[in-house]
Structure formats: structure tokens, C-alpha cells
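Q:
Protein chains in written order, with the numbering used here: chain W, 617 to 626; chain F, 316 to 527.
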């Protein structure tokens with residue numbers, strides 16, 4: 617699971 | 316990036332452009348809720364503070380800047396340049412009833428108790444309900460201009476398309492973010508009544524008028 621703190625969306 | 320995300324972003328972009336053009340061309344912000352626009356400016360500001368801390372892509376950076384500039388540009392047009400046309404008598408939704416619960420919820424339910432993360436979470440919660448003053452205004456006046464309806468349709472469609480993006484990402488990338496997903500569902504559901512009216516009335520060339 618990817619890190620939640622990495623927000624790559626707008 | 317998948318097709319749903321791209322179409323969602325384009326729909327979002329279309330919405331803010333429609334709104335700016337409507338105000339600019341008609342020299343009027345009649346029928347537009349300044350309170351919703353203040354909330355959207357708060358949403359973009361809180362969420363896009365990461366512009367200075369993390370780089371994702373040129374696309375992300377450009378879009379974030381566009382949304383910030385468009386949002387503050389809209390506020391400028393509404394509250395300064397075309398202030399006289401602002402219909403504040405019908406724009407009476409108490410935004411503290413939205414902002415305060417979002418602040419509390421962001422402090423309680425977040426992925427990480429850090430300033431940037433709480434601001435991001437707050438922006439996600441606030442975005443989901445930021446349109447309520449606008450919908451309240453439409454229901455209060457009982458109608459909306461066609462161009463305002465197109466704006467609302469594009470804005471509502473954007474998060475709806477993000478829901479498909481998240482379904483896709485769950486299966487294709489094993490990526491999901493429950494906070495964004497649940498808020499996105501709430502956000503899209505709030506538009507359902509409007510979507511129904513838009514499809515049954517505005518698309519048939521009629522003005523969006525609520526039944527008396």
C-alpha cells in the first residue's frame with residue numbers, strides 16, 4: 617500500500 | 316494518470332473557466348454564491364500548500380496554480396470588480412456550520428497528525444460540502460441561469476469521475492485513500508438532485524426552475 621501522505625491527485 | 320482522472324480534471328477546469336467567463340462576459344455575478352467561492356478558495360489554499368513542499372509533475376503543478384489563480388480571480392471579480400452585482404440577499408448560508416465541523420473532523424480523522432496533512436484532510440472534507448451555499452442559493456431563488464447550471468454540472472461531474480478513477484486505481488495500482496473516497500462520495504451525492512434537474516430540464520433547452 618502506498619503512503620497516504622503522498623497525495624498525487626488534485 | 317488514467318482516463319477518469321484526466322476527464323475529471325478537465326471537467327473541473329471547464330467548470331472554473333465557465334464561471335470566470337460567465338462573470339466576465341456578463342459583467343455580473345448574479346446567481347453565484349460568494350460564500351461557496353470563499354470556501355473553494357479555502358479548499359485550494361489548504362490543499363495546494365504542498366506546491367512548495369513536494370513536486371509530483373509539471374501537470375500537477377500547473378493545474379494547482381491554475382485552480383488557485385482562478386479561484387482568487389473569481390473572488391476578486393465577485394467582491395471587488397463586480398461587487399454591485401453580487402446577490403448577497405440570497406447568499407445567506409452560514410458557512411461556519413460547514414467550516415467548523417470540517418476543522419474538527421480533520422483533527423480527529425486524518426492519516427497523520429501533521430500540519431500539512433491536517434490541512435489536506437480539512438480541504439478534502441470542506442470541498443465535499445463547499446457547494447452547499449450555492450445549492451442553497453439556487454433553491455432559495457428557485458432557479459438558475461443556464462450558464463450557472465453548466466458550471467454546476469461540470470463541477471459535480473468532476474468528483475464523480477474521480478470516483479471511477481479511485482475504483483480504477485484500487486484494482487490497477489493497489490492504491491486507495493479512504494478519506495478522499497468517502498468525501499468524494501458525499502460530494503457527488505450532494506449533486507444528485509441537481510443532476511436530475513439538469514438532465515431533465517436544462518439539456519432539453521429549458522431553464523432550471525424548481526417546482527413551486
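All residues carry an ideal CB built from backbone N, CA and C; glycine is no exception. Only a predicted model underlies this, so the values are computations on that prediction, with no experimental measurement involved.
Using the beta-carbon of each residue, which ones in chain W are nearer than 9 Å to residue 320 of chain F?
A: 625 and 626
Q: Are any of the Cβ atoms in chain W nearer than 8 Å to that of residue 261 of chain F?
A: There is no way to answer for residue 261 of chain F, as the model of chain F reaches only from 316 to 527.
Q: Along chain W, in chain order, which residues have C-beta atoms closer than 7 Å to that of residue 371 of chain F?
A: 624
Q: Would residue 434 of chain F pass as a contact of residue 361 of chain F if the rule is Cβ separation under 8 Å?
A: yes
Q: Considering only their Cβ atoms, is the gap separating residue 369 of chain F from residue 445 of chain F smaller than 8 Å?
A: no
Q: Against chain W, with Cβ distances strictly below 8 Å, would residue 379 of chain F count as a contact?
A: yes
Q: Using CA atoms only, rank isn't needed, just tell me which of F:504, F:461 and F:499 is closest to residue 515 of chain F.
A: F:461
Q: Let me confirm a value: residue 522 of chain F is counted as buried when at least 16 other C-beta atoms fall within 10 Å, else exposed. Which label applies?
A: Residue 522 of chain F should be labelled exposed.
Q: Report the rounded CA-to-CA distance for residue 319 of chain F versus residue 476 of chain F, giving the unit in angstroms.
A: 5 Å
Q: If you check the beta carbons only, do residue 417 of chain F and residue 447 of chain F fall under 8 Å apart?
A: Contact check for residue 417 of chain F against residue 447 of chain F fails: the beta carbons are separated by 8 Å or more.
Q: Fully enclosed by the region 365-419 of chain F, which alpha helix (DSSP H) runs are 4 residues long or longer?
A: 373-391
Q: Examine chain W for any beta-carbon lying closer than 8 Å to the beta-carbon of residue 508 of chain F, and answer yes or no.
A: For residue 508 of chain F, the nearest beta carbon of chain W is not closer than 8 Å to its own beta carbon.
Q: Does DSSP classify residue 460 of chain F as helix, strand or coil?
A: coil
Q: Identify every residue that forms a DSSP beta bridge with residue 524 of chain F.
A: Its beta-bridge partners are F:458.
Q: So residue 450 of chain F and residue 330 of chain F are in contact, right, with Cβ under 8 Å, and what is the actual spacing, rounded?
A: The pair is not a contact, with the Cβ atoms about 14 Å apart (cut-off 8 Å).
Q: Would you decide whether residue 375 of chain F is buried or exposed? Buried here means 16 or more other CB atoms lie within 10 Å of its CB.
A: buried
Q: Are there 16 or more other CB atoms within 10 angstroms of the CB of residue 359 of chain F, so buried, or fewer, so exposed?
A: buried
Q: Using the Cα positions of residue 622 of chain W and residue 322 of chain F, report the straight-line distance between them to the nearest angstrom.
A: 22 Å
Q: Helix, strand or coil: how does DSSP classify residue 342 of chain F here?
A: coil
Q: Does the beta carbon of residue 618 of chain W sit closer than 8 Å to a beta carbon anywhere in chain F?
A: Annotation note: pLDDT 45 at residue 618 of chain W (below 50); position unreliable, coordinate value reported separately. Chain F has a Cβ within less than 8 Å of the Cβ of residue 618 of chain W.
Q: Can you tell me the Cβ-Cβ gap for residue 301 of chain F and residue 491 of chain F, rounded? I've got them flagged as a contact below 8 Å.
A: Nothing about residue 301 of chain F can be reported from this structure: the residues present for chain F run from 316 to 527 only.
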